[in-house]
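Notes for the one structure printed next.
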Amino acid sequence: METKNENVYVPAFYANRSIFITGGTGFLGKALIEKLLRSCPDVREIFVLIRPKKGLSVNDRLNKILSNKLFDLLRSRQPSAFDKIVPVTGYVAKENLGLLPSDREMLIDRVSIIFHVAASVRFDEGLKDAIFNNTRSTRDICILASEMKNLVASLRYFLWKIQFFRIIFLIKKKIK
Ligand SMILES: NC(=O)c1ccc[n+]([C@@H]2O[C@H](COP(=O)([O-])OP(=O)(O)OC[C@H]3O[C@@H](n4cnc5c(N)ncnc54)[C@H](OP(=O)(O)O)[C@@H]3O)[C@@H](O)[C@H]2O)c1
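Those letters in the sequence shown? Residues 1 to 176, by UniProt numbering.
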């Protein structure tokens, strides 16, 4: 339950801050973007790492997400909030998150809060893909975070028990 103090404190924390979100096209990431924009109106900007997929460009994918019913309330009350979303091309399974050097520099200069939500939640992928998507990507986020000039918080969303034990299972299978 939100108290009056939390309502003031949380938006104040995010005010004038730039946020970097991975996994913004997924279940949790979409809800996070909507909640941040709706409840923290003074957020400066939200960079969303998106990969091109199924013939859709990063911009097409962002537009598709924003047309989701989830964003209807925001669209009716604060339509200009959408201008704060900046898509950034990236692939978390690639080294250094597959970021272009210019985008990386922009994130280093401007971001102060990271939500690393991207993950592969499939249980039928191989060990290499599971590690690149879920483990090495977190290392690469930490490296990026360590270069950020104004970092105040970096969070990893992870159902760690399920994904950790899945990786252990795959490693055991490989070394048998
Ligand atoms: N859902 C829940 O209730 C819940 C609760 C607690 C914690 N979590 C954790 O939160 C994380 C996300 O869960 P979710 O339910 O939101 O999963 P999801 O709907 O499957 O979303 C996964 C997100 O990760 C992105 N992604 C995956 N591989 C990528 C790659 N190689 N490069 C770039 N982006 C990539 C996906 O992008 P594409 O759209 O391009 O595939 C998508 O945006 C997981 O670690 C999960 O364990 C989830």
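All C-beta atoms, glycine included, are put in the ideal place defined by N, C-alpha and C.
All values derive from a computational prediction rather than experimental measurement.
**Asked** So what does Leu151 bridge to, in DSSP terms?
**Response** Its beta-bridge partners do not exist; DSSP assigns none.
**Item:** Thr25 - DSSP class collapsed to helix/strand/coil
**Value:** coil
**Prompt:** Within this structure, are the beta carbons of Ile46 and Ile85 separated by less than 8 Å?
**Reply:** yes
**Prompt:** Closest by CA to Phe123, which one among Ile131, Lys149 and Leu28?
**Reply:** Ile131
**Asked** Cα separation between Glu34 and Asn96?
**Response** 27 Å
**Message:** Please return the same chain residues whose Cβ sits closer than 8 Å to the Cβ of Arg38, not counting the five positions on each side in sequence.
**Reply:** Leu73, Leu74, Arg77, Gln78 and Ala81
**Message:** I'd like the list of long-range same chain contacts for Val152, defined as Cβ closer than 8 Å, with 5 residues on each side in sequence excluded.
**Reply:** Arg17, Ser112 and Ile113
**Message:** Would you say the beta carbon of Phe123 is closer than 7 Å to some non-hydrogen atom of ligand 1?
**Reply:** no
**Asked** How would you call Leu159, buried or exposed, if buried means at least 16 neighbouring beta carbons within 10 angstroms?
**Response** exposed
**Message:** Three Cβ pairs or more, each shorter than 8 Å: is that satisfied between the segment 46-55 and the segment 132-141?
**Reply:** Taking a contact to require three or more Cβ pairs closer than 8 Å, the segment 46-55 and the segment 132-141 do not qualify as touching.
**ligand 1 heavy atom lying under 7 Å from the CB of Leu49** = Annotation for Leu49 indicates a beta carbon within 7 Å of some heavy atom of ligand 1.
**Item:** Of the residues Arg110, Val43 and Pro11, the one placed nearest Lys149, counting alpha carbons only
**Value:** Arg110
**Message:** Cutting at 6 Å between CB atoms, please list the residues of its own chain near Pro11, excluding the five before and the five after it.
**Reply:** Cys40
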